[in-house]
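S.K.: Protein chains in written order, with my numbering: chain A, 1 to 333; chain B, 1001 to 1323; chain C, 2001 to 2317. Here it is, the structure, as structure tokens.
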Amino acid sequence: MISEFIKRNLSTSAIWLFIIFELLFFSIAGHYLSFSDGAFMDLNNMLLLLNQSAPIGIIAVGMTLIMVNGNIDLSVGAVFAIAGIVMLDSMTWPVFAGLGDWVIVVSWTLALLAGALLGALNGLIVWKTGVDAFIVTLGSMLGYRGLVFMFNGENPTSHLNWTLIDFAEAQFLGFNTATWFLAASVLVIWLVTRYTVHGRNAYAIGNNRNAAVNAGIRVGPHMVINFVIIGFLAALSSVVFYSGSGSVNPNDGQLYELWVITAVVLGGTKLAGGSGSVIGTLGGVIAIQLLRKGLGYIGADTSTVNLVIGLILIVVLFIDRQLNVKGAQELRV
Amino acid sequence: MANIASKQVLTVLGKQGILIAFVLFMVIFSLANSNFLSLDNLQSVIRSSAILGVMALGVTFVVISGNLDLSVGSMMSFSTIVVLDLHDKLGPNLAIPTMYLMTLGLGGFIGYLVGYLRLNSLIVTLGMLSAIHGLTLTYSGGQNMDIADKSNTWFGFFGRGEIFGLPVPIILFILLAAFLGVLLAKTPFGRKVYAVGGNPTAAAFSGIPRARTVFTCYLISAFCVATAGLIQASRSMGSQNTVGQGLELEVLAAVILGGASLLGGSGTIFKTVIGILILGFIQNGLLLMGWPFYVQFVITWIIIILAVWLDISVKRGKLWVSN
Amino acid sequence: MNTKTLLTTAVAATVLMGPALAMAEYRIGITQNNVGVDSYQTTYERAFIEAADANSDVRAVVLDAGGDVARQIAQVDDLIQQNVDAIIIWPTNGEAVIPAVRRAQNAGIPVVVTNSNIAEQGFDFIRSFSGPDNVTQGRRSAEIMCDKFKDMGIEDEAQVVHITGQPGYTTAIERAGGFEERLPEVCPNVEVVDTQPGDWNREKAQQVMEAFLTQYDDIDGVYSGDDNMGVGALNAARAADRDGIIFVGATNFAVGYDAMAAGEYWGSIYQSPVDDARAALQTAIDVLDGEDVPFLNYFDTPKITQDNMDQFTKPVF
Chain A
1 MISEFIKRNL STSAIWLFII FELLFFSIAG HYLSFSDGAF MDLNNMLLLL NQSAPIGIIA
61 VGMTLIMVNG NIDLSVGAVF AIAGIVMLDS MTWPVFAGLG DWVIVVSWTL ALLAGALLGA
121 LNGLIVWKTG VDAFIVTLGS MLGYRGLVFM FNGENPTSHL NWTLIDFAEA QFLGFNTATW
181 FLAASVLVIW LVTRYTVHGR NAYAIGNNRN AAVNAGIRVG PHMVINFVII GFLAALSSVV
241 FYSGSGSVNP NDGQLYELWV ITAVVLGGTK LAGGSGSVIG TLGGVIAIQL LRKGLGYIGA
301 DTSTVNLVIG LILIVVLFID RQLNVKGAQE LRV
Chain B
1001 MANIASKQVL TVLGKQGILI AFVLFMVIFS LANSNFLSLD NLQSVIRSSA ILGVMALGVT
1061 FVVISGNLDL SVGSMMSFST IVVLDLHDKL GPNLAIPTMY LMTLGLGGFI GYLVGYLRLN
1121 SLIVTLGMLS AIHGLTLTYS GGQNMDIADK SNTWFGFFGR GEIFGLPVPI ILFILLAAFL
1181 GVLLAKTPFG RKVYAVGGNP TAAAFSGIPR ARTVFTCYLI SAFCVATAGL IQASRSMGSQ
1241 NTVGQGLELE VLAAVILGGA SLLGGSGTIF KTVIGILILG FIQNGLLLMG WPFYVQFVIT
1301 WIIIILAVWL DISVKRGKLW VSN
Chain C
2001 MNTKTLLTTA VAATVLMGPA LAMAEYRIGI TQNNVGVDSY QTTYERAFIE AADANSDVRA
2061 VVLDAGGDVA RQIAQVDDLI QQNVDAIIIW PTNGEAVIPA VRRAQNAGIP VVVTNSNIAE
2121 QGFDFIRSFS GPDNVTQGRR SAEIMCDKFK DMGIEDEAQV VHITGQPGYT TAIERAGGFE
2181 ERLPEVCPNV EVVDTQPGDW NREKAQQVME AFLTQYDDID GVYSGDDNMG VGALNAARAA
2241 DRDGIIFVGA TNFAVGYDAM AAGEYWGSIY QSPVDDARAA LQTAIDVLDG EDVPFLNYFD
2301 TPKITQDNMD QFTKPVF
């Protein structure tokens, strides 16, 4: 029983073993190489790690659902930028001038709505035209980025609101605001995948689309819902982040899609769809952030960071496949 | 009746849609700006498209075989930096083949991972995008590479030279397109590429070696990237480390625009060339009309989706999907 | 499986090892904008490390944000967490880093901004800005161009195109602003006919210039936000056989210097990344030593043209 459980969870637990390896490695290497007088595995440093994982992490949670469903979304980086602009810009609109700090609530809502709408647009195009999600979102990655620039030309959109920044920097029970939002996203989407019809159908569709259609599942609406969710989460990630920084560059969020997908795949979700878990994704996000943090901690230079991150990605993919192939063979025996 | 007629229209549009769109754009832009159709401008567009185009030729093979290559941009930076550095150390005669070998080595490595180890190409090439960038930075120490004596070398031939008034980059692009077009359309190897991408199971049953075919596709892609790097290096005789950054997505957009399905098994070299030209002319046309560069993003978005949508609606016989 | 055991071992190992050694007097952390994207930034990083190594009182933690503002904010937090004595920041976005800089100040860590300043709302939270005066640089470039036009006698008819740096980047905005403000003051009849971003990228600038050349039959001057882009524009003009265009840039690069020596490029602003890096480190050390440091600590960036270039050594980048 237990060994079967392990086998089934080998692919997701691989990422946690990798995280432990990273922690050990950077602690030991840091002992010799780092100029810092604090230990790497300090509690505060680990809390900071979670906080820093939030921007990529919240989006990655949504990407897990999308990829389980057998799709992909390359436009999340652009949605991230648009939502940030909507939030910061709407706070200065004269319409809301009388609201005082309540404008924050309105701006958050508008930004989240914008994200959900852009997600819905992607989802509807994927559904109704039948064009592959990769192509649709490759297109909207460009198109949405164009919208970002149209908003405010090539200038940054900025608005510093110290109430908002204090909120973003606040701590509750020892965790930062961003960490709470990350945790909430993971929890909600985990519940959705485990306990809702929509979640189960997403897996079924990703596993075998034709079988799902034959079983009477309406594929299209489920895809649209997932795109709405990822659009919403990309916007959520954005409002949480920009609440604490207050300025969006039109190029912000570029390459986020690649890091998000990387994290999701490291967490054991299959690109082909049908399997994966948000818990694994959380592991993938933490693993990447830890790698960056650790390489900085031991003083690695830019070229090494790029080289190592790229190769680790391939190595983890390789190990993951070996583990899975082995598991599958044993099951067959 | 109307239904049949509309179906015929759809079929024509689907088969030649991309060509029609191309012609349409040319007409609009030439009406909007008298300089657009000038020989100078046409040549300038094709010349600046040549680098992207050469890369797209190789990626077409990879995509038809059912895989992706997101590493071409950073690999192109690598080739450019390497050949510029070696030019002053070894001389152009040795620098060029050495650069080709090194780039092919990278392509072979990716081909091995995707072909023989069967690792997912999206993630492998994503990893290589980052890793090769790191490699380039390590190689150059992050410094710009410049040829010291730019006037006393024939190295500028590939990027700046002309034969019978035609710029060499354009000639290289045409030659490579013709060669790879024939290779893909007329040879047993080309058929294997389509088979491996279109129906892997059937291909395996009929004894087509998937691993070797995929491996070769990545070698072809690397060869094209090296050629693009050569043109780039020769044209500017100096470069920064990020010269190819972001090109992977432009290349992919062109290949998709040309109708290659990301599921593999379809696409042609000719259509990829049209895809490249469309992107090149849109970029140039908008610039000539004085529109900001980001309008082009939005337009590219719309035509990519329209082009692919049209293509697949013809195949399934209707525009909309219901469930 | 035995995840728990592993975790326990890991915890035990770190506890046993204790803190890393720290003997130096000052630990200074720097987070840079985007190393490796051009050789100015690479040379800056190298010069900074050299300067820090040469000073036995200083240990430097050198980080690079890769152009990503989220990563830079994370790095500032990391440096606060590591409790360094001072933080030097080369902002990816002059406004977005302000809250992070405030956190450093709240933690009692002095912050020095280098190369490209943060926005004014953040001035309360930093100790000093060390770097070039980019507005003055833009103004000086305008003067160089205008003077040359006057020499040529075309100051009443000349048409200029303008290639700017990375959109949204403080340096780019300040230089463009300085240039566009000063040019009409000195040469009121010179017209800037078009402005497009070249993103600090030579290739991009070359493409932009190719389009300018097709679009405008009469271009007398090109102002680029740095020489890297200026040389890209020069390449485009050369390929199109358009002679007689006056190229003026900023941040004199080695390629720009060479092009000046060859008589193809008129002038630029001399700005050394080595000076820039050393000034930043020295400013941080002065702050830590408790010395009185000017708030805007500019280092001089003189005009360089074909006429006076023999007074300058060739840039190393």
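Glycine residues also receive a C-beta, built at the ideal position from the N, C-alpha and C atoms. Being a predicted model, the structure only gives us computed values, none of them experimental.
Hey, out of Ser2141(C), Gly2221(C), Asp2194(C), whose CA is closest to Gln2215(C)'s CA?
M.R.: Mapped onto the third sequence, residue 2215(C) falls at position 215. Ranking the options by Cα distance to Gln2215(C), first place goes to Asp2194(C).
S.K.: List, in chain order, every chain A residue whose beta-carbon is nearer than 8 Å to that of Met1128(B).
M.R.: Indexing the second sequence from 1 puts residue 1128(B) at position 128. Here the neighbours are Gly310, Ile314.
S.K.: Can you check DSSP and say which residues form a bridge with His2162(C)?
M.R.: Taking the third sequence and counting its residues from 1, the one referred to as residue 2162(C) is at position 162. Paired residue(s): Thr2195(C), Tyr2223(C).
S.K.: Name, going along the chain, the residues of the region 1221-1249 of chain B whose beta-carbon falls closer than 8 Å to a beta-carbon of chain C.
M.R.: Answer set for the region 1221-1249 of chain B: Gln1232, Arg1235, Ser1236, Gly1238, Ser1239, Gln1240, Asn1241, Thr1242, Val1243.
S.K.: Between Ala2158(C) and Glu2185(C), what straight-line distance do the alpha-carbon atoms span, to the nearest angstrom?
M.R.: In the third sequence, residue 2158(C) corresponds to position 158, counting from 1. In the third sequence, residue 2185(C) corresponds to position 185, counting from 1. Answer to the nearest angstrom: the Cα atoms are 15 Å apart.
S.K.: On the CB-based measure, 16 or more other CB atoms within 10 Å of its CB, does Ser1151(B) come out buried or exposed?
M.R.: For the purposes of this step, residue 1151(B) is identified with residue 151 of the second sequence, where counting begins at 1. Ser1151(B) comes out exposed.
S.K.: Taking the alpha-carbon of Thr2164(C) as reference, which of Asp2156(C), Thr2170(C), Ala2176(C) has the nearest alpha-carbon?
M.R.: For the purposes of this step, residue 2164(C) is taken as residue 164 along the third sequence, with counting starting at 1. Closest option to Thr2164(C), Cα to Cα, is Ala2176(C).
S.K.: I need the straight-line Cα distance from Ser1148(B) to Gly2131(C), nearest angstrom please.
M.R.: Mapped onto the second sequence, residue 1148(B) falls at position 148. Mapped onto the third sequence, residue 2131(C) falls at position 131. The sequence shown places Ala at residue 1148(B), rather than the Ser named in the question. Looking at the two C-alpha atoms, the distance is approximately 30 Å.
S.K.: Who are the near neighbours of Leu2063(C) in its chain, counting only those whose CB is closer than 8 Å to its CB and skipping five residues on each side?
M.R.: In the third sequence, counting from the first residue as 1, residue 2063(C) sits at position 63. These residues qualify, in order along the chain: Gly2029, Ile2030, Thr2031, Gln2032, Gln2075, Asp2078, Leu2079.
S.K.: Count the other CB atoms, across all protein chains shown, that sit within 10 Å of the CB of Ala1038(B); report buried if there are 16 or more and exposed otherwise.
M.R.: The sequence position of residue 1038(B) within the second sequence is 38, counting from 1. Note on residue identity: the sequence assigns Ser, not Ala, to residue 1038(B). Ser1038(B) should be labelled exposed.
S.K.: What are the start and end residues of the beta strand (DSSP E) that includes Val2113(C)?
M.R.: Walking along the third sequence from the start, residue 2113(C) turns up at place 113. That run of the beta strand (DSSP E) goes 2111-2114.
S.K.: State the Cα-Cα distance for the pair Gly1108(B) and Gln322(A), rounded to the nearest angstrom.
M.R.: The residue labelled residue 1108(B) in the question sits at position 108 within the second sequence. The residue labelled residue 322(A) in the question sits at position 322 within the first sequence. Going by the C-alpha atoms only, they are around 21 Å apart.
S.K.: So the beta strand (DSSP E) Val2035(C) belongs to, where does it begin and stop?
M.R.: Locating residue 2035(C) in the third sequence gives position 35, counting from the first residue. Careful: Val2035(C) lies outside any beta strand (DSSP E) and carries neither H nor E.
S.K.: Quick one: list the residues of chain A neighbouring Phe1022(B), beta-carbon separation under 8 Å, in chain order.
M.R.: The sequence position of residue 1022(B) within the second sequence is 22, counting from 1. Here the premise fails: no neighbours, minimum Cβ distance about 18 Å.
S.K.: Compare the Cα-Cα distances from Leu118(A) to each of Val148(A), Val79(A), Trp127(A) and report the closest residue.
M.R.: Indexing the first sequence from 1 puts residue 118(A) at position 118. Nearest option by C-alpha distance: Val79(A).
S.K.: Please confirm if Asn1284(B) has its CB atom under 9 Å from at least one CB of chain A.
M.R.: The count along the second sequence starts at 1 and reaches residue 1284(B) at position 284. Chain A, which has no Cβ nearer than 9 Å to the Cβ of Asn1284(B), makes this no.
S.K.: Return the CA-CA distance between Ala1177(B) and Leu1277(B), expressed in angstroms with no decimal places.
M.R.: Start at 1 with the first residue of the second sequence, and residue 1177(B) comes out as number 177. Start at 1 with the first residue of the second sequence, and residue 1277(B) comes out as number 277. Cα to Cα, Ala1177(B) sits roughly 13 Å from Leu1277(B).
S.K.: Does the CB of Asn306(A) have a neighbour CB from chain B at under 9 Å?
M.R.: For the purposes of this step, residue 306(A) is identified with residue 306 of the first sequence, where counting begins at 1. For Asn306(A), the answer is yes, since a Cβ of chain B falls inside 9 Å of its Cβ.
S.K.: Consult DSSP for Glu1162(B) and reduce its assignment to one of helix, strand or coil.
M.R.: As a first step, residue 1162(B) is located in the second sequence; it is residue number 162 there, counting from the start. Strand at Glu1162(B).
S.K.: Of all the options Ala212(A), Leu173(A), Ala202(A), Phe241(A), which has the alpha carbon lying nearest to the alpha carbon of Ile165(A)?
M.R.: As a first step, residue 165(A) must be located in the first sequence, where it is residue number 165. That would be Phe241(A), whose Cα lies nearest to the Cα of Ile165(A).
S.K.: From what residue to what residue does the alpha helix (DSSP H) around Tyr2298(C) run?
M.R.: As a working note, residue 2298(C) is residue 298 in the third sequence. It is not in any alpha helix (DSSP H) - Tyr2298(C) instead sits in the beta strand (DSSP E) that spans 2296-2298.
S.K.: Using a beta-carbon distance cut-off of less than 8 Å, what residues from the region 2228-2239 of chain C approach chain B?
M.R.: Here the close residues are Asn2228, Val2231, Gly2232, Asn2235, Ala2239.
S.K.: Please state whether the Cβ-Cβ distance between Tyr2298(C) and Asp2124(C) is less than 9 Å.
M.R.: Numbered from its first residue, the third sequence carries residue 2298(C) at position 298. Numbered from its first residue, the third sequence carries residue 2124(C) at position 124. No, the pair does not count as a contact, with Cβ atoms beyond the cut-off.
S.K.: Using a beta-carbon distance below 9 Å, is Arg194(A) in contact with chain D?
M.R.: The question asks about chain D, but that chain is absent: this structure's protein chains are A, B and C.
S.K.: Residues in its own chain within less than 7 Å of Arg1118(B) by CB, not counting five upstream and five downstream?
M.R.: Within the second sequence, residue 1118(B) is the residue found at index 118, counting from 1. So no residue of the chain qualifies.
S.K.: Expressed to the nearest angstrom, what Euclidean distance is found between the alpha-carbon atoms of Met2145(C) and Leu2213(C)?
M.R.: The residue you call residue 2145(C) lines up with position 145 of the third sequence. The residue you call residue 2213(C) lines up with position 213 of the third sequence. Cα-Cα distance, rounded: 19 Å.
S.K.: From Asn71(A), Arg145(A), Met63(A), pick the residue whose C-alpha is nearest to that of Phe1299(B); which is it?
M.R.: The residue you call residue 1299(B) lines up with position 299 of the second sequence. Looking at the sequence shown, residue 1299(B) is not Phe but Ile. Measuring from the Cα of Ile1299(B), the nearest candidate turns out to be Arg145(A).
S.K.: Quick check: what's the CA-CA separation for Tyr32(A) versus Gly273(A)?
M.R.: Within the first sequence, residue 32(A) is the residue found at index 32, counting from 1. Within the first sequence, residue 273(A) is the residue found at index 273, counting from 1. If I take the Cα positions, the gap works out to 43 Å.
S.K.: What does Ala2074(C) reach in chain A if we use C-beta pairs closer than 7 Å?
M.R.: What you label residue 2074(C) is simply residue 74 of the third sequence in a count that begins at 1. Those are Gln52, listed as they occur along chain A.
S.K.: Identify every run of the alpha helix (DSSP H) within the region 1140-1219 of chain B, keeping only runs that are complete inside it and at least 4 residues long; order them along the chain.
M.R.: Whole alpha helix (DSSP H) segments, 4+ residues: 1157-1160, 1168-1186, 1188-1198, 1200-1205.
S.K.: Pull up the CB-CB distance for Thr1060(B) and Gly1265(B), whole angstroms please, since I reckon it's below 8 Å.
M.R.: Mapped onto the second sequence, residue 1060(B) falls at position 60. Mapped onto the second sequence, residue 1265(B) falls at position 265. About 12 Å; that fails the 8 Å criterion.
S.K.: Check the Cβ-Cβ distances between Arg2140(C) and every residue of chain A, and say whether any is below 9 Å.
M.R.: Numbered from 1 along the third sequence, position 140 holds the residue referred to as residue 2140(C). Not an interface residue.
S.K.: In the structure shown, what three-state DSSP assignment does Thr2305(C) receive?
M.R.: Within the third sequence, residue 2305(C) is the residue found at index 305, counting from 1. Residue state, collapsed to three classes: strand.
S.K.: Suppose the cutoff is 6 Å on Cβ atoms and the five residues either side in sequence are ignored; what does the same chain contact list for Leu1122(B) look like?
M.R.: Within the second sequence, residue 1122(B) is the residue found at index 122, counting from 1. Contacts found: Leu1068.
S.K.: Does DSSP put Ile2245(C) in a helix, a strand or coil?
M.R.: For the purposes of this step, residue 2245(C) is taken as the residue at position 245 of the third sequence. Ile2245(C) falls in the coil class under three-state DSSP.
S.K.: Ends of the beta strand (DSSP E) at Ser2128(C)?
M.R.: Within the third sequence, numbered from 1, the residue matching residue 2128(C) stands at position 128. First-last of the beta strand (DSSP E) with Ser2128(C): 2128-2131.
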